[in-house]
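**Student:**
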Amino acid sequence: MHAQRPSFKGCNKNDVNDRPVTFHDAEENLAKIQSEDNPRIETWARRTGSCFAAEKTELIHLTRKRGEQLQGQVVMSGKVIQPSPKAKLLGVIFDQELRWNEHVQQAIKRATKVTSR
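Its first residue numbered 1, the sequence shown is counted upward by one per residue in the UniProt record's numbering.
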């Protein structure tokens, strides 16, 4: 008797692809995402009956090398996704250089609003 593999119907995209992809440069990262990760994700989606909202997908290069921050693109479900200077994940605003300026400003704004009541 063999144990059955668990079914992941209803899982979120984050369950399959929220992991960093790191190589020497953005071009290598994008090539790996496009050639390995996207096909694996699309296969998983077909197998489980899931679908992804490509328009909600964000691409950000976390690097302080300004020349690599906004280069390249990936295609997901036929939609071209360009790199963004920032991305929001679970309420945290990430910027390309991980300096947290916008996230801190938003936190200050929320705290000021709460304390001024």
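Ideal Cβ positions, reconstructed from N, Cα and C, are used throughout, including at glycine.
Is the beta carbon of A107 closer than 7 Å to that of S77?
**Tutor:** Your numbering for residue 77 matches position 77 in the sequence shown. Your numbering for residue 107 matches position 107 in the sequence shown. Taking 7 Å as the Cβ cut-off, S77 and A107 do not qualify as a contacting pair.
**Student:** So the alpha helix (DSSP H) I41 belongs to, where does it begin and stop?
**Tutor:** On the sequence shown, position 41 is the one that residue 41 refers to. Run containing I41: 38–48, per the alpha helix (DSSP H) assignment.
**Student:** Within the continuous alpha helix (DSSP H) that includes I108, where are the two ends?
**Tutor:** In the sequence shown, the residue the question calls residue 108 occupies position 108. Here the alpha helix (DSSP H) through I108 covers 101–115.
**Student:** Quick check on DSSP: helix, strand or coil for residue 159?
**Tutor:** Lying before the first or after the last residue shown, residue 159 is absent from the chain, which here runs from 1 to 117.
**Student:** Roughly how many whole angstroms lie between the Cα atoms of L30 and L89?
**Tutor:** Taking the sequence shown and counting its residues from 1, the one referred to as residue 30 is at position 30. Taking the sequence shown and counting its residues from 1, the one referred to as residue 89 is at position 89. So the alpha carbons of these two residues sit roughly 20 Å apart.
**Student:** Opposite A87 in the DSSP bridges: which residues?
**Tutor:** For this step, residue 87 is matched to residue 87 along the sequence shown. For A87, which the question treats as bridged, DSSP gives the partners F94.
**Student:** In or out: P83 buried (at least 16 other Cβ within 10 Å) or exposed?
**Tutor:** Indexing the sequence shown from 1 puts residue 83 at position 83. Counting Cβ neighbours within 10 Å, P83 comes out buried, since at least 16 surround it.
**Student:** Can you give me the Cβ contacts of E68 inside the same chain, cut-off strictly under 7 Å, excluding the 5 residues immediately before and after it?
**Tutor:** Here residue 68 is taken as the residue at index 68 of the sequence shown, counted from 1. Same-chain partners within the cutoff: D25, A26, H61.
**Student:** For G10, count the other beta carbons within 10 Å of its own beta carbon; 16 or more makes it buried, fewer makes it exposed. Which is it?
**Tutor:** By 1-based counting over the sequence shown, the position of residue 10 is 10. Bear in mind that the predicted position of G10 carries a pLDDT of just 44, short of 50, making it unreliable; the figure below should be weighed with that in mind. With fewer than 16 Cβ atoms within 10 Å of its Cβ, G10 is classed as exposed.
**Student:** If I measure Cβ to Cβ from V92 and keep anything under 7 Å in the same chain, skipping five residues before and after, which residues do I get?
**Tutor:** For this step, residue 92 is matched to residue 92 along the sequence shown. Taken in chain order, the residues that qualify are H103.
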